[in-house]
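Following the working numbering, the numbering of the sequence shown begins with 1 at its first residue and continues without gaps.
Note sheet for the following structure.
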Amino acid sequence: MLQDDAPFDEQTLAQLHTYLARLPEPVRLVAWGNPAGNPGEQEAVRLGEYLAASFSAIEFQMRPRRINYAYYPVLGVMGLQNGEEVDYRVRFVGLPAGYQINALIGAIQAVAFRASNIEPRTRIILSKLTQKVDLEILTTAENEASTVLTTLASGLAVASAHINTYTLMTDVFPEAAFRYSVRQVPHLVINGRYHVSSLVDEEEMLRHIAAALKPAEPRRQQPGRDTAPPTDENS
1 MLQDDAPFDE QTLAQLHTYL ARLPEPVRLV AWGNPAGNPG EQEAVRLGEY LAASFSAIEF
61 QMRPRRINYA YYPVLGVMGL QNGEEVDYRV RFVGLPAGYQ INALIGAIQA VAFRASNIEP
121 RTRIILSKLT QKVDLEILTT AENEASTVLT TLASGLAVAS AHINTYTLMT DVFPEAAFRY
181 SVRQVPHLVI NGRYHVSSLV DEEEMLRHIA AALKPAEPRR QQPGRDTAPP TDENS
């Protein structure tokens, strides 16, 4: 039976219990924002408190706004080890509503199962990373396809300390779409400059990360063309 304070319908609630009732490791959901702030911030508190009350492996904390976040709420999915918080750098910017509840479930599972969804070969490749990788997934509440992408990206962040994952809810945070000139979702941006406008699997994601980390090639000078700035002698 649906509880009066449940932020989900009965179908979603049943799905939550299927995936979250037996998590092997504890998870802490953190929401940055103002509990009395915008409706999304208020709903983030309701969501976090409900999940923490419903599932023994989930904790919830509300934390104040931070100067380096452009939009609120921001949700973080943290691990817990011997009572100490472990930040796996998995973030949702804007409330994960609609289909993105499934993305949140995937992120929670990725943290609780310590990225068991990631292939051993991928772990070996990720262990060789030496540079920071920011994975930004632009989506909306109505975009079902991106949930798979967020789950994959969350697993990669758990598997590698060099990877940060941000799921950006562009229906409530349109500035993100404007910044990257994104017209349709899902859309993946790697390190702020490398764009992928289609769904990718694990192997394809690794290829895109490798391409994004390659240094930009210097622009070639056209043969026979003097690119030096004009001087008094040749002006």
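Positions of the beta carbon are idealized from the N, C-alpha and C atoms, including for glycine.
All of these numbers come straight from a predicted model, not from anything done at the bench.
Judging by CA-CA distance, which residue of Val158, Met169, Pro186 and Asn82 is the nearest neighbour of Pro73? Proximity to Pro73 across Val158, Met169, Pro186 and Asn82 peaks at Met169, based on C-alpha coordinates.
Let me check understanding here. Comparing Cα to Cα, which of Ser127, Val111 and Ala141 lies closest to Thr165? Comparing Cα-Cα distances from Thr165 to each of Ser127, Val111 and Ala141, the minimum goes to Val111.
In angstroms, rounded to a whole number, what distance separates the CA positions of Trp32 and Thr150? Rounded to the nearest angstrom, the gap between the Cα atoms of Trp32 and Thr150 is 20 Å.
Suppose contacts are defined by Cβ-Cβ distances below 7 Å. Is Val133 in contact with His162 by that definition? Their beta carbons are under 7 Å apart, which means Val133 touches His162 by this criterion.
Whole-number beta carbon distance between Gly155 and Ala115, since they are thought to touch under 8 Å: Confirmed, Cβ separation roughly 4 Å.
Sorted by chain position, which residues of the same chain lie with C-beta nearer than 7 Å to Phe113's C-beta, five sequence neighbours on each side aside? For Phe113, where only same-chain residues beyond five positions count, the Cβ hits under 7 Å are Pro24.
How would you write the range of the beta strand (DSSP E) that His195 sits in, first residue to last? Counted as a single uninterrupted DSSP element, the beta strand (DSSP E) harbouring His195 occupies residues Tyr194 to Val196.
Do the stretch 43-50 and the stretch 59-67 meet, that is, are 3 or more Cβ pairs less than 8 Å apart? Yes, since at least three Cβ pairs between the stretch 43-50 and the stretch 59-67 fall closer than 8 Å, the two stretches touch.
Quick one: residues in its chain with C-beta nearer than 6 Å to the C-beta of Phe92, no 5 flanking neighbours on either side, listed in chain order? If we look at Phe92 and ignore the five residues flanking it on each side, its Cβ neighbours are Leu75 and Thr167.
DSSP beta-bridge partners of His187: Beta bridge pairing from DSSP links His187 with Leu138.
Among Glu203, Gln109 and Phe178, the one whose alpha carbon lies nearest that of Thr18: Closest option to Thr18, judged by alpha-carbon separation, among Glu203, Gln109 and Phe178: Gln109.
Compute the distance between the beta-carbons of Asn143 and Pro174, then report whether it is under 7 Å. Result no, Cβ atoms of Asn143 and Pro174 do not sit closer than 7 Å.
Does the Cβ-Cβ distance between Ala103 and Thr140 come in under 7 Å? Contact check for Ala103 against Thr140 fails: the beta carbons are separated by 7 Å or more.
Which of helix, strand or coil does DSSP assign to Arg179? If DSSP states are grouped into helix, strand and coil, Arg179 belongs with the helices.
Beta strand (DSSP E) containing Asn164: first to last residue? Note, Asn164: beta strand (DSSP E), Ile163 to Met169.
To test your reading of the DSSP string, which unbroken alpha helix (DSSP H) runs of 4 or more residues are found completely within the stretch 22-66? If we require 4 residues or more, the alpha helix (DSSP H) runs fully inside the stretch 22-66 come out as 39-54.
Buried or exposed by the 16-neighbour rule on C-beta atoms within 10 Å, applied to Ile209: By the neighbour-count definition (other C-beta atoms within 10 Å, threshold 16), Ile209 is a buried residue.
Tell me, to the nearest whole angstrom, how far the beta carbon of Tyr88 is from that of Ala44; I am working on the premise that it is less than 8 Å. Taking a contact as a CB-CB distance under 8 Å, the pair Tyr88 and Ala44 does not count as one, their CB atoms being some 19 Å apart.
Can you tell me whether Gln100 is buried or exposed? The criterion is at least 16 other CB atoms within 10 Å of its CB, across all chains shown. Looking at its Cβ environment, which holds 16 or more other Cβ atoms inside 10 Å, Gln100 is buried.
Put Glu84 into one of helix, strand or coil per three-state DSSP. Judged by DSSP in its simplified three-state form, Glu84 adopts strand.
One question on the structure: do Val172 and Gly106 come within less than 7 Å of each other, judged by their Cβ atoms? No, they are not a contact pair.
Backbone CA spacing between Arg207 and Arg121 [nearest angstrom]: One Cα belongs to Arg207, the other to Arg121, and the distance between them is close to 13 Å.
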